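Colleague: The structure's right below; bear with me while I get my questions together.
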Amino acid sequence: MTIRITTPTLDGLTLFRVLPSGLPVLCGSAERVEEMVGRLTVNESVRLALLDAGGIGKTALALAAREHAAVIQKDGDLRFFILCEQATSTLLFVELVVWAFRIETSSNDRMQDVTSFFATTDDPTLVILDNFETPWDIAGEQSRVGDIMSSIAAFLHISLLITI
Numbered sequence: 007m008t009i010r011i012t013t014p015t016l017d018g019l020t021l022f023r024v025l026p027s028g029l030p031v032l033c034g035s036a037e038r039v040e041e042m043v044g045r046l047t048v049n050e051s052v053r054l055a056l057l058d059a060g061g062i063g064k065t066a067l068a069l070a071a072r073e074h075a076a077v078i079q080k081d082g083d084l085r086f087f088i089l090c091e092q093a094t095s096t097l098l099f100v101e102l103v104v105w106a107f108r109i110e111t112s113s114n115d116r117m118q119d120v121t122s123f124f125a126t127t128d129d130p131t132l133v134i135l136d137n138f139e140t141p142w143d144i145a146g147e148q149s150r151v152g153d154i155m156s157s158i159a160a161f162l163h164i165s166l167l168i169t170i
């Protein structure tokens with residue numbers, strides 16, 4: 007069962023905060039989860055990518071790692087899951103980050119608002135970007151999406167896990 011909390015729409019898209027209330031059984035994936043957890047908890051700042059065919063279980067693996075006791079001990083409540091399927095433009099991608107972190111925007115430059123927000127803390131934080139291929143594959147925008155990711159990755163207290 008998934009609990010969905012609706013929020014206002016953004017450019018006609020209804021956004022949801024998806025809160026997994028139970029994880030699927032991951033038969034044969036315990037080693038992969040443990041490997042990810044080991045990497046996510048050894049260092050403060052980690053960059054991981056799960057790349058595989060669609061429907062193979064990348065999201066389930068990412069969620070299992072997110073809910074693992076060692077990751078909870080390291081990152082506490084600062085474990086964010088951002089579903090990128092609706093990020094069909096760089097603006098929507100940045101808005102999803104703003105929305106997920108509940109960042110109060112104070113300028114017309116949302117990316118500046120994001121970086122200002124991340125600069126206010128150094129608490130370990132896990133950010134999972136699920137279905138990251140959606141923003142990454144925006145025609146002509148890969149460089150801009152890369153710049154956005156570089157800006158986020160510059161904060162050494164943030165661990166990034168993407169699924170593609």
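The numbering used here applies: residue 7 is where the sequence shown begins, and numbers increase by one.
From the three backbone atoms N, C-alpha and C, an ideal C-beta is built for every residue, glycine too.
Remember, predicted model here, so these are calculated numbers, not experimental data.
#1: Note down, one range per segment and in chain order, each beta strand (DSSP E) of at least 3 residues found wholly within the region 55-89.
#2: What would DSSP say about D128, mapped onto helix, strand or coil?
#3: Which two residues bound the contiguous beta strand (DSSP E) that contains L167?
#4: Does DSSP classify I158 as helix, strand or coil?
#5: Taking 7 Å as the limit between beta carbons, can you name the residues of its chain near I134, skipping five residues before and five after?
#6: When the Cβ atoms of the region 145-154 are set against those of the region 93-104, are three or more pairs found closer than 8 Å?
#7: Which residues in the same chain as G28 place their Cβ atom closer than 6 Å to its Cβ, once the five residues preceding and following it in sequence are excluded?
#8: To which residues of the same chain is D128 closer than 7 Å at the C-beta, ignoring the five residues directly before and after it?
#9: Does the distance from the CB of N137 to the CB of T169 come in under 8 Å?
#10: Taking the alpha helix (DSSP H) that G44 belongs to, which residues open and close that run?
#11: Which residue or residues does DSSP assign as beta-bridge partners of V133?
#12: Can you tell me where the alpha helix (DSSP H) with E101 in it begins and where it stops?
Modeller: Reading from the atomic positions:
#1: Correct list: 85-89.
#2: Counting from one through the sequence shown, the residue named residue 128 turns up at place 122. Reduced to three states, the DSSP call for D128 is coil.
#3: The sequence position of residue 167 within the sequence shown is 161, counting from 1. From DSSP, the beta strand (DSSP E) with L167 extends over I164 to T169.
#4: The residue you call residue 158 lines up with position 152 of the sequence shown. Per DSSP, reduced to three states, the secondary structure at I158 is helical.
#5: Sequence index remark: in the sequence shown, residue 134 carries index 128 (1-based). In its chain, beyond the 5 residues on either side, A68, R72, F86, F87, I88 and L167 have a beta carbon closer than 7 Å to the beta carbon of I134.
#6: Touching, yes, given that three or more Cβ pairs across the two stretches are closer than 8 Å.
#7: Your numbering for residue 28 matches position 22 in the sequence shown. Because G28 carries a pLDDT of 49, less than 50, the predicted location of this residue cannot be relied on, and the following value inherits that uncertainty. Contacts found: none.
#8: Indexing the sequence shown from 1 puts residue 128 at position 122. Closer than 7 Å at Cβ, skipping near neighbours: H163.
#9: Taking the first residue of the sequence shown as 1, we reach residue 137 at position 131. Taking the first residue of the sequence shown as 1, we reach residue 169 at position 163. Cβ atoms of N137 and T169: closer than 8 Å.
#10: One-based indexing of the sequence shown puts residue 44 at position 38. Annotation: the continuous alpha helix (DSSP H) that includes G44 extends over A36 to V48.
#11: Start at 1 with the first residue of the sequence shown, and residue 133 comes out as number 127. Its beta-bridge partners are F86 and L166.
#12: In the sequence shown, counting from the first residue as 1, residue 101 sits at position 95. Here the alpha helix (DSSP H) through E101 covers T96 to A106.
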